Amino acid sequence: MVHRLSGRQDILTSSSKAGSKNATVGNSDFKFLWDPRGTALSKPAACEEMIANADVVVVSVGAHLAASNKISTSQYNETLQSIFSIISGCPLPPGLSKRTLVYMTAPAAPPRTDEYVRKYSDRRTNVRLQHWAELGTEVALKAGWSVVDQFDLTLPHNLEPLHTDLAHYLATDAMDPIVDEVVGKIAICGEDDI
32 MVHRLSGRQD ILTSSSKAGS KNATVGNSDF KFLWDPRGTA LSKPAACEEM
82 IANADVVVVS VGAHLAASNK ISTSQYNETL QSIFSIISGC PLPPGLSKRT
132 LVYMTAPAAP PRTDEYVRKY SDRRTNVRLQ HWAELGTEVA LKAGWSVVDQ
182 FDLTLPHNLE PLHTDLAHYL ATDAMDPIVD EVVGKIAICG EDDI
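Below, the structure written as C-alpha cells:
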C-alpha cells in the first residue's frame, strides 16, 4: 500500500523485511506489525502495545495458522473472535470517534510439492483456506469489521508464486486489487486520487 500511495504505478516486485515496512506518506503514518498467528493481537495488552493511537487497523491472520497441523478450524475461529473483540474494545485516540477496522482473509495457497511442505508438514490447502475465509468473513462482519477477501482475489493467480518465491503474490496481478480494496475500505484517498 505504501508503494502505491507513494505514487508508484508499477507492480510491487519485492518486499522489505518487517522492520522497515513502517513509513510515512503525506500525512499518513503506516506501522507494520508482524504477528502472523495473531498471538499478540489476541491478548489484552495489544491495545496498549500495538493499537494505541491507530485510527485504522488492518489485520490479516490465517495463512500461517493454516500451515500448522496443530490448529483446528475451531481454534482459528476462537483466535479471530479474540482478536476482533480485543481490538474493537481498545480505547480510541483523543479526537477520534470511531476506528476503521479491516480484516483481510488469508490468500490462496500455491499448490506446493517441494521439500518445504514435507519438512514443515505444511497443511495449507485452498479448500481449507476458502473455508477459513468464509468463516473469517462471517465472524468479522458480525464484529463490525469490513473485509477484504484476499482468498478470492488471489485464487486466480495461485500458480504464479510457483515462479517467484513459492509463497507471496508480489510481482503478480493479484496485488493491485488487494491494495485497491484496502485503500477503499480505509478511505484514505478521495475518489479522484485512486
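As numbered in my numbering, residues 32 to 225 make up the sequence shown, in order. Built from N, CA and C at the ideal position, the CB exists for glycine as well. Predicted model, so just to flag it, every value in this text is computed and none were measured.
Per-residue burial, residue i [other beta carbons within 10 Å of its own, 16 or more giving buried]
i: MET206; result: buried
i: ARG155; result: buried
i: THR116; result: A quick correction: the sequence has Ser, not Thr, at residue 116. Exposed is the call here.
i: ALA218; result: exposed
i: TYR147; result: exposed
i: ALA140; result: buried
i: HIS199; result: buried
i: GLY93; result: buried
i: GLY69; result: buried
i: SER91; result: buried
Residue span of the beta strand (DSSP E) that contains residue i, given as start and end
i: VAL179; result: 177–179
Spatial distance of residue i from residue j (CA atoms)
i: PRO125; j: GLU80; result: 17 Å
i: LYS216; j: ASP180; result: 12 Å
i: ASP145; j: LEU96; result: 19 Å
i: ASP23; j: ASP204; result: The structure shown does not extend to residue 23, since the chain is modelled only from 32 to 225, so the question has no answer here.
i: ALA137; j: CYS220; result: 25 Å
i: LEU201; j: ASN157; result: 19 Å
i: ILE225; j: LYS62; result: For ILE225, the pLDDT reaches just 47, beneath the cut-off of 50, and the residue's location in the model is therefore unreliable, although a value from the coordinates is still provided. Distance between the alpha carbons of ILE225 and LYS62 is about 21 Å.
i: ALA164; j: ALA85; result: 25 Å
i: ALA71; j: ALA77; result: 6 Å
i: GLY175; j: GLY120; result: 12 Å
i: GLU212; j: ASN100; result: 31 Å
i: GLN106; j: ASN53; result: 30 Å
i: LYS74; j: HIS162; result: 25 Å
i: GLY227; j: ALA83; result: The displayed coordinates of the chain run from 32 to 225. Any statement about residue 227 would go beyond what the structure contains.
For residue i, the first and last residue of its enclosing alpha helix (DSSP H)
i: ILE219; result: Element bounds for ILE219: n/a, residue is neither H nor E.
Legend entry - Complete beta strand (DSSP E) runs within the stretch 116–140 (minimum length 3 residues, chain order): 131–135
Inset, instruction - Could you tell me whether the stretch 99–112 touches the stretch 164–173, where touching means 3 or more Cβ pairs closer than 8 Å? - result: yes
Legend entry - Start-end ranges of the alpha helix (DSSP H) lying completely within the stretch 57–125, minimum 4 residues: 94–98, 104–119
Legend entry - Given 8 Å, three or more beta-carbon pairs between the stretch 116–131 and the stretch 185–195: Contact between the stretch 116–131 and the stretch 185–195 is absent: fewer than 3 CB-CB pairs across the two stretches fall below 8 Å.
Inset, instruction - Please list the segments of the beta strand (DSSP E) lying wholly inside the stretch 142–203, counting only runs of 3 or more residues, in order along the chain. - result: As far as the stretch 142–203 is concerned, its whole beta strand (DSSP E) runs of at least 3 residues are 177–179.
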